[in-house]
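Per this note's numbering, residue 83 is the first one in the sequence shown, and the count goes up by one each step.
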Amino acid sequence: MRRSRAILTVLTAAAVTAGGFLTLTQAANAATTLGSAAAAKSRYFGTAVAAYKLTDSVYTGLLDTQFTMVTPENEMKWDATEPSQNTFSYTSADTIVARAKANGQRVRGHALAWHSQQPSWVASLSGTALRSAMVNHITNVATHYKGQLYAWDVVNEAFSDNGDGSRRSSNLQATGNDWIEVAFQTARAADPSAKLCYNDYNTDGVNAKSTAVYTMVKDFLARGVPIDCVGFQSHFNSASPLPSDYQANLQRFADLGVEVQITELDIAGSGTAQADSYSKVVAACLAVSKCTGISVWGIRDSDSWRASDTPLLFDASGNPKEAYNAVITAFGGTTTTSSPTTSSSPTTGTGACTATVANNSWTGGFVTTVTVKAGATAITSWKVALTLPTGSAVTSTWSATASGSSGALTFTNASYNGSLAAGASTSFGFQGTGTAFSGTPTCTVS
Ligand code: G3I
């Protein structure tokens, strides 16, 4: 609630009423989701996905409606895909890939060769045995996903942070300086259609580390080593802020002839400062024609590897943050505000509740988020009633139980969100086909 208010206050400060907050609505037939706004500018908008969260309907509701690219967060890493030498395990990664395919989303594979998240058996190897194991790993995994991926992070984080442009010392580096090009050649042989990327962090601005990567890419291109793209992780926080030469750095790589992608974006912070940084990242990508897309490293703040930094575009309840609107706007998409739709007269007096809706709509579908707020006294249950437009239907509901799928509907609290302290709020949501409900729902306590 506090965040919603902050978001909307920034958008239209003058329009905020004594009632407390506005409802965000987004015009149909305009680019109103992250994915559609990016697509209107020929970019993708992706997210890291964790297989174990795919049973969470708030998570999948946002994943399916907002994102056009998916990166398995951990499921394609060496420890996940080859837990014992030459025994491969693809169940979790396959689930993510199949689900993405079914939803028309593309997939970035992450990551074939990396010093981290190696299975324990790798630790006993070195020299040619480790080199052969790496080649075997890349061949098997890239072959398994042959033809199915948009891109692979073939090598991840191979340069040091020493400031001298050196390679990171690791067991893979110890097999010989050519391990990176061998990894790329092996990946190309296994899957000629995936774009092959080098991916790293702290390479977002022009610095010794990014220049070392730049020099390597230039060398690879000159010698015919296959490389198609460079990924810039873009994990930003106060110690490592968005650099002022971000766009210039992306551009110098693009000028070499490779695509550039923003692969793991998250920005610590909140409110307008965070939103502004997100806008700048989008603007930088749009200014570089070879910047093909942006992926954030998780959906809700609570999904982040740095959850306490609240670095993502949706809050822990799945509500869009100010940064979300900033991203859509930066892509040239549409967000508009409308009058408050807080129900005017709670029907049960003392202990009553109110409900407001926020819609993300696109041609043929919508996601509605309903915020339920307790009145002056605590409540222990609630019901929200609304009537969907003719021809519309609910296809999934989260954090409430729906009485049906079309027409006049009642949504009853889930077991865990019926009790609200005085003035406290919770939210539930539903996804549907057709046109969203945009009026004022009725909230009652039962
Ligand atoms: O799988 C176990 C689970 O069984 C156990 O219950 C749980 C207890 O905490 O841990 C689970 O494994 C964790 C795994 O994430 C899945 O949540 C690991 O301990 C944890 O180390 C692992 O962290 C991942 C990290 O890479 C490892 O380096 C993060 O999720 C993932 O977001 C992060 O992603 C990296 C990129 O691959 C490369 N760039 C940096 C980025 C952020 O660190």
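Just so it is clear, CB atoms sit at the ideal spot from N, CA and C, and this is done for glycine as well.
Residue environment analysis places residue 199 among the exposed positions, since fewer than 16 neighbouring C-beta atoms fall within 10 angstroms of its C-beta.
Rounded to the nearest angstrom, the gap between the Cα atoms of residue 434 and residue 120 is 41 angstroms.
Close CB contacts of residue 283 within its chain, under the 7 angstroms cut and outside five residues either way in sequence, are with 239, 315 and 317 (chain order).
Where residue 498 is concerned, there is no enclosing beta strand (DSSP E), because DSSP gives it neither an H nor an E. Shown here, residue 439 sits in a strand according to DSSP, grouped into three states.
A contact between stretches requires three or more CB pairs, one per stretch, nearer than 8 angstroms, and the stretch 222-231 fails this requirement with the stretch 247-263. In this structure residue 382 is in contact with residue 400, their Cβ atoms being roughly 6 angstroms apart against a cut-off of 8 angstroms. With contacts defined by Cβ atoms closer than 8 angstroms, residue 234 and residue 207 do not form a contacting pair. Take the alpha-carbon of residue 412 and the one of residue 444: they are about 18 angstroms apart. When the beta-carbon positions are compared, residue 181 and residue 375 stay at least 8 angstroms from each other. Comparing C-alpha distances from residue 170 to each of 271, 222, 113 and 489 shows the shortest one belongs to 222.
A distance below 7 angstroms between beta-carbons, with the five flanking residues on each side excluded, links residue 115 to the following residues of its chain, in chain order: 147, 148, 442 and 444. In the structure shown, residue 228 adopts coil according to DSSP, grouped into three states. Looking at the DSSP output, residue 241 shares a beta bridge with 249.
Between the ligand G3I and the CB of residue 346, the shortest heavy atom gap is smaller than 7 angstroms. Residue state for residue 283 is assigned as coil, using DSSP reduced to three classes.
Three or more Cβ pairs drawn from the stretch 331-339 and the stretch 287-298 lie within less than 8 angstroms of each other, which places the two stretches in contact.
In the DSSP assignment, residue 261 falls within the unbroken alpha helix (DSSP H) covering 261-272. If you draw a straight line from the Cα of residue 191 to the Cα of residue 209, it comes to about 26 angstroms. Not one heavy atom of the ligand G3I sits closer than 7 angstroms to the Cβ of residue 408.
Excluding sequence positions up to five before and after residue 491, its CB lies within less than 8 angstroms of the CB of 467, 468, 469, 470, 476, 484 and 485, all in the same chain and listed in chain order.
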